[in-house]
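S.K.: With the first letter of the sequence shown counted as 1, position 58 gets the number 786 in the numbering used here; the numbers rise by one all the way through.
Using N, Cα and C, we set each Cβ at its ideal position, and we do this for glycine too.
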Amino acid sequence: NNRGMAKYANKDYEGAVSDFTEAIKIKEDYAFALNNRASAKIRLEKYKSAIIDCDAAIKLDPSYGYAFYNRGIANEMTRDLDAACSDWEKAASMGIEIAGEYKRITCNQ
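(1) With a Cβ-Cβ cutoff of 9 Å, do Ala-819 and Tyr-797 count as a contact?
(2) Could you give the uninterrupted runs of the alpha helix (DSSP H) lying entirely in the region 792-828, keeping only those of 4 residues or more?
(3) Note the first and the last residue of the continuous alpha helix (DSSP H) segment covering Glu-750.
(4) So Gly-800 and Asp-789 are supposed to be a Cβ contact under 8 Å. How far apart are they, rounded?
(5) Quick check on Cys-782: does DSSP put it in helix, strand or coil?
(6) Mind checking which residues open and close the alpha helix (DSSP H) that includes Leu-772?
(7) Could you tell me if Lys-755 is buried or exposed, where buried requires 16 or more neighbouring beta carbons within 10 angstroms of its beta carbon?
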């Protein structure tokens with residue numbers, strides 16, 4: 729996961745996805761790596777695949793606010809604004825402040 733984070737920081741999103749996938753193979757219940765992979769997939773415009781990763785991260789850890797935040801971004805990009813707003817509301821309720829900003833600006837709330 730650390731190597732994936734380094735690649736993500738260097739904007740090597742394909743490499744990051746590969747490294748996060750390896751981390752998930754080692755530890756299948758690694759919600760953090762699933763969410764990180766989703767974030768890299770969003771950068772690669774692989775939104776539906778990112779949603780699947782976020783869903784898996786949320787299933788493993790329903791209190792993981794950043795997974796809701798990232799799923800909201802992917803949902804917005806697939807034009808599912810209702811789902812995006814719902815995800816950002818949930819993330820904001822978990823203390824993810826930027827999700828509240830996205831909700832306020834995008835959802836007119």
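M.R.: This is what the structure holds:
(1) Yes. Within cutoff.
(2) Here the runs fully enclosed are 793-805 and 809-821.
(3) Here the alpha helix (DSSP H) through Glu-750 covers 741-754.
(4) That belief does not hold up - the Cβ atoms of Gly-800 and Asp-789 are roughly 16 Å apart, past 8 Å.
(5) Of the three classes helix, strand and coil, the one that applies to Cys-782 here is helix, per DSSP.
(6) Here Leu-772 belongs to no alpha helix (DSSP H), and DSSP marks it neither H nor E.
(7) Exposed, because fewer than 16 other Cβ atoms sit within 10 Å of the Cβ of Lys-755.
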